[in-house]
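Quick note: the sequence shown uses this note's numbering, first residue 39, plus one each step.
The C-beta atom is built at its ideal place from N, Cα and C for all residues, glycine as well.
Single-structure report; data block below.
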Amino acid sequence: MKYRILSKPSYSLLEFELESGDEIQAETGAMVYMRNVELKTEMKGGLFGGLKRSLLGGESFFVNRFVSKGKGLLGLAPPYQGDITYIPVSGRLFAQSGAFLASSPDINIDTKWGGRRTFFAGEGLFLLKLEGDGDVWLSSFGGIESIDVDGTLKVDTGHIVAFEETLSFNIARAGGLKATLLSGEGLVAEFKGTGKVWIQTRSVGEYLGWLSSLLPKDKGN
């Protein structure tokens, strides 16, 4: 199937040109337009799988299936402004909660406990585990860039989109105690090994903090 990503990187939209029988699974609410495409909604992985994705993984309880009935056209977009990237998967890919936008139907979407090391990261305790052989499209707040890791790499926890299973990680301070408390950098994920990390150029948490600083303060009566 053919795809293209339009309006990058700030207001990206994912468009598919589908042949008869082609299928895309996507996050609910992502459809912008479609032609000659049938929409089916299901709980992939059953009730328990849907609950895990919804309660733990930050995704919808249901997954939408778009099946082409001829020469189909399908447009998808995330709910927030930002970028979309394509990642071919053969094995496992781990992503932050809420990053999944769409995939080929043979990709299984599950959740993975991030371990106690993620407890203080402030970005959620669970990761999305995307497993199988197929195509995945992820979205982010801000632009998306990939970084090749051969050794170690520290990434602010609010800027992680996804990483390959060949990498391990731990949560650590950005610097010494004084730097962590005063620099505004806080905690980072320290990746080790060889593989790719995808980062987003903006942090939702930092953006919300900036917006909050602009709101008028209530000085009382």
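Same chain, Cβ closer than 6 angstroms to residue i, five either side skipped, listed in chain order
| i | result |
| --- | --- |
| Ala-64 | Asn-102, Leu-114 and Ala-140 |
| Ser-184 | Lys-234 and Trp-236 |
| Pro-143 | Glu-61 and Gln-63 |
| Lys-78 | Arg-103 |
| Asp-188 | Thr-232 |
| Gly-180 | Gly-120, Gln-238, Thr-239 and Arg-240 |
| Lys-107 | Asn-74 and Glu-76 |
| Gly-110 | Leu-56, Asn-74 and Val-75 |
Top-ranked residue by Cα proximity to residue i, from the options
| i | options | result |
| --- | --- | --- |
| Gly-67 | Gly-181, Tyr-118 and Ser-48 | Tyr-118 |
| Phe-132 | Leu-166, Tyr-124 and Pro-116 | Leu-166 |
| Arg-130 | Ala-137, Gly-120 and Gly-170 | Gly-170 |
| Trp-175 | Ser-48, Ser-45 and Glu-53 | Glu-53 |
| Val-70 | Lys-40, Arg-211 and Pro-116 | Pro-116 |
| Arg-42 | Tyr-124, Leu-252, Val-242 and Ser-177 | Tyr-124 |
| Glu-244 | Leu-253, Ala-210, His-197 and Arg-211 | His-197 |
| Lys-192 | Ile-122, Ala-200, Arg-211 and Val-242 | Arg-211 |
Limits of the beta strand (DSSP E) - the one that residue i falls within
| i | result |
| --- | --- |
| Pro-126 | 122 to 133 |
| Arg-103 | 101 to 114 |
| Ala-227 | 225 to 238 |
Sequence-distant residues of its chain with Cβ nearer than 8 angstroms to residue i (five each side left out)
| i | result |
| --- | --- |
| Thr-204 | Gly-231, Thr-232 and Gly-233 |
| Glu-97 | Unreliable positioning characterises Glu-97 in this predicted model, as indicated by a pLDDT of 46, which lies under 50. The coordinate reading is nonetheless provided below. Cβ within range, chain order: Glu-65, Arg-91, Ser-135, Gly-136, Phe-138, Ile-147 and Leu-166. |
Same chain, Cβ closer than 7 angstroms to residue i, neighbours up to 5 away in sequence not counted
| i | result |
| --- | --- |
| Gly-172 | Val-127, Ser-141, Ser-142, Asp-144 and Ile-145 |
*Please go through the segment 188 to 213 and give each complete beta strand (DSSP E) segment of 3 or more residues, from N-terminal end onward.*
198 to 202 and 205 to 211
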